[in-house]
Structure formats: structure tokens, C-alpha cells
Amino acid sequence: MIESRWIWLDAKLVLWNEAKVPFLTHALHYGTGVFEGIRCFKTPKGPAVFRLQEHVARLFESAKIYLMKIPYTPADVADAIKKTVSANGLEECYIRPLAYYTYGEMGLNPLPNNVGLGIAAWRWDSYLGEKAEKTGVRCQVSSWRRVHPSTMPPQAKSTANYANGALAKIEALKAGYDEAIMLNVESLVSEASAENIFRVKDGVVSTPPASAGVLRGVTRDTIIRLVRESGLQFHRSDISREELYTSDELFLTGTAAGITPVREVDGRMIGGGEWPITERLRKAYDDVTHGRNPKYTDWLSPVTLQAVAS
Ligand SMILES: Cc1ncc(COP(=O)(O)O)c(C=O)c1O
Numbered sequence: 042m043i044e045s046r047w048i049w050l051d052a053k054l055v056l057w058n059e060a061k062v063p064f065l066t067h068a069l070h071y072g073t074g075v076f077e078g079i080r081c082f083k084t085p086k087g088p089a090v091f092r093l094q095e096h097v098a099r100l101f102e103s104a105k106i107y108l109m110k111i112p113y114t115p116a117d118v119a120d121a122i123k124k125t126v127s128a129n130g131l132e133e134c135y136i137r138p139l140a141y142y143t144y145g146e147m148g149l150n151p152l153p154n155n156v157g158l159g160i161a162a163w164r165w166d167s168y169l170g171e172k173a174e175k176t177g178v179r180c181q182v183s184s185w186r187r188v189h190p191s192t193m194p195p196q197a198k199s200t201a202n203y204a205n206g207a208l209a210k211i212e213a214l215k216a217g218y219d220e221a222i223m224l225n226v227e228s229l230v231s232e233a234s235a236e237n238i239f240r241v242k243d244g245v246v247s248t249p250p251a252s253a254g255v256l257r258g259v260t261r262d263t264i265i266r267l268v269r270e271s272g273l274q275f276h277r278s279d280i281s282r283e284e285l286y287t288s289d290e291l292f293l294t295g296t297a298a299g300i301t302p303v304r305e306v307d308g309r310m311i312g313g314g315e316w317p318i319t320e321r322l323r324k325a326y327d328d329v330t331h332g333r334n335p336k337y338t339d340w341l342s343p344v345t346l347q348a349v350a351s
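So this is what it looks like as C-alpha cells:
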């Protein structure tokens, strides 16, 4: 990991190695934290955070689901995110805000504890590997099912949900794959361990609906808009496991992973090993995130870099 200098912790900039929490922090023991993954991109007008408002709104929605009261307004959090990028002098970075129940009372009820907020930002170029965008990734359908709304809320981006994703990811890596695709308890495709999934068949693009247990990805929403705009047909529709195998193209979307083609699922090559529609959408996404599409500059929150010395 490429460390930066500062982490924003409860309204103060703290040196990276000094941003520590007590061992008995509630969230560490019981998974009572909610977080975001956001990116800042280089644009012709300087660094800008992509869809900052939407990410902050999702953070507050995740918190609401857990009855967690973040002790700042969404505008405060958006400002703090920009300040973290600025103080670290980062032109391009990944940003991780985390709201969590702090140290105080143990036991499952988190509500007596204060809620802390930390924001880290660091250089993280490629979540699924340097070559993934070009060569595509090999995926395994996991034996672990995606959490079901009757057990955990999949639409909350909570730390607890990521134990489910981590099991799937470990299983896929141990079996020699790059990423896991998770079905839901109805055996329909939900999403990858940390990305949403899209299918292309006969020129029609589709992605599972939120009811399939997916996180409503900001990148997913961006791609849906770009698909519609490009004149391609789009459906939000269930995808079966066999439809994964018979896709012309499959691709994963996420803030960390970007738009990544899937080359293979469970030993089956996807389509003819080429991904023209994925490539077209990836380019459109890159243009939007890097400020090269004037239609979407409202999605970019500029950051003025003012690196803070320690
Ligand atoms: C489980 C899961 N699904 C989907 C996504 C994609 O969401 P986004 O595009 O907002 O990054 C993520 C990424 O954080 C994720 O962890």
C-alpha cells in the first residue's frame, strides 16, 4: 500500500501512522461500521472527486439503516473528504471514509457508543491488477451466497457485509481465479465480491436489479446512464448462472476496479475473448471521470491541492 501523510480523524488531520483506534472499538469486534470507496481523478482543470455527493449520500443511507448518527452533516463530510485529498497533495487517489461505533460499551448494542469518522486517501491505481482492463479477469461462481435482505441489508455498505465478500474472494483466489461472482439465495447472479456485474448479449446490456442483493453502485449508475445515452438497449433484469456462461461480454464495475472485462467464468470463455461494448463503455467512463465529457462536469468536485507539511 502506498501510504499518504495524513488521515482525517474526527475533524483533525493526524499523521498516517498515528491514526489509531482502541482495541475495544465496537466496530472492530462486531462489524458496526459503514464506509465508502470514492475516487479523485486528474482532469484538465485539476484533481476532482467523482460523484462526491452521491457517495456521501450513500454513506448516510448506510448509517441510517444501522440507526447510526454520523455527527457531521453531509456537507461537512464532503468538505472533509476534499480536505483530506488536498492536505495529502494527491492528484489522483482512492478515498475511504469510514463511520464506526467507537470504544465505550461492549456487547451487541452499539447505540450507547459514540460514532467516529475517519477519512483516508491514498494512491491505489488498480484493484484487480494492472493488466485486468486489457486482458480481462477470470472469475469463479462462489459457493458463498450474497447476503440476503432477510439476514443482512445488502444495500448498506457496512463493514460486516464485507466478511461475506471476503469469504468469496478468498475461495476464488485459492482456486486460482481473480475474482468471485456471488449468486443470491435464489441462485440468481447478484454481484462480484466488490463490484457490480453487467452482461452483454446480442447487443443488449443488462445488470441484476437491486432486489438481487446488489450494492447500488455509483459506477453501476454511471454505466447505466452511458449505456442508455449510447443508444444501446438496456434492461435491469435477473441473470442466471448459465446466462453468465453464454454471455457475449461480461464486465465488472466499481470505484476501485473501474470497468473490468471478464474473460472467463468457471473455465468457460466468455464470448470470443473480445469485448467491444465493454471497451466502448470503459472509454466513455474514463472520459466522464477525467473531465473530458462536458455533459458530466457537474459530477466532478474540484479539489485545490494544498499539501500540509508535518
Ligand atoms: C459489494 C460491492 N458491490 C458493488 C460495488 C461497486 O460500487 P461503486 O460503483 O459505488 O464503487 C462495490 C464497491 O464498493 C462493492 O463493494
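Residue numbers (the numbering used here): 42 to 351. Glycine included, every Cβ here is placed at the ideal spot set by N, Cα and C. These figures come from a predicted structure and were not determined experimentally.
Label residue i either buried or exposed according to how many other C-beta atoms from any shown protein chain fall within 10 Å of its C-beta, with 16 as the threshold for buried.
| i | result |
| --- | --- |
| Glu146 | exposed |
| Gln274 | exposed |
| Gly308 | exposed |
| Ile122 | buried |
| Leu346 | exposed |
| Ser167 | exposed |
| Thr287 | exposed |
| Glu220 | buried |
| His276 | exposed |
| Lys124 | buried |
| Glu44 | exposed |
| Gly148 | exposed |
| Leu108 | exposed |
| Lys34 | A question about residue 34 goes unanswered here, because the residues of the chain that appear run from 42 up to 351. |
| Lys239 | The question names Lys, but residue 239 in the sequence shown is Phe. It counts as buried. |
| Pro85 | exposed |
| Met270 | Sequence inspection shows Glu at residue 270; the Met mentioned does not correspond to that position. Classification for Glu270: exposed. |
| Pro112 | exposed |
| Pro138 | buried |
| Met223 | buried |
| Glu77 | buried |
| Gly87 | exposed |
| Thr248 | buried |
Taking the alpha helix (DSSP H) that residue i falls in, what are its first and last residues?
| i | result |
| --- | --- |
| Pro115 | Pro115 to Ala128 |
| Val306 | First-last for Val306: Gly299 to Val306, but that is the beta strand (DSSP E), not the alpha helix (DSSP H). |
Taking the beta strand (DSSP E) that residue i belongs to, which residues open and close that run?
| i | result |
| --- | --- |
| Val90 | Gly87 to Phe91 |
| Ile79 | Ile79 to Thr84 |
| Lys242 | Asn237 to Lys242 |
| Gly157 | Val156 to Trp163 |
| Lys172 | Looking at the DSSP string, Lys172 is not in any beta strand (DSSP E), and its letter there is neither H nor E. |
| Gly74 | Gly74 to Phe76 |
Quick check on residue i: does DSSP put it in helix, strand or coil?
| i | result |
| --- | --- |
| Gly177 | coil |
| Ile311 | coil |
| Ala98 | helix |
| Arg261 | helix |
| Arg333 | coil |
| Tyr107 | coil |
| Glu290 | strand |
| Leu139 | strand |
| Tyr341 | First, the amino acid is wrong: residue 341 is Leu here, not Tyr. The answer is strand: DSSP assigns Leu341 an E or B state. |
| Arg321 | helix |
| Leu131 | coil |
| Leu69 | helix |
| Val268 | helix |
| Ala206 | Going by the sequence as given, residue 206 is Gly instead of Ala. Note: Gly206 maps to helix in three-state DSSP. |
| Lys28 | With the chain covering 42 to 351 only, the question about residue 28 has no answer from this structure. |
| Tyr144 | coil |
| Asn150 | coil |
| Arg187 | coil |
| Glu216 | Checking the displayed sequence, the identity of residue 216 turns out to be Ala instead of Glu. It is coil, neither helix nor strand. |
| Asp166 | coil |
| Leu285 | helix |
Tell me residue i's beta-bridge partners as DSSP assigns them.
| i | result |
| --- | --- |
| Glu232 | Met223 |
| Arg277 | Thr248 |
| Phe64 | Per DSSP, none; premise fails for Phe64. |
| Ser45 | BP columns for Ser45 are empty, so no partner. |
| Gly254 | Per DSSP, none; premise fails for Gly254. |
| Val182 | Ile222 |
| Ser199 | Val75 |
| Gly295 | Gly299 |
Is there at least one Cβ from chain D nearer than 7 angstroms to residue i's Cβ?
| i | result |
| --- | --- |
| Asn129 | Included in the structure is just one protein chain, with no chain D present. |
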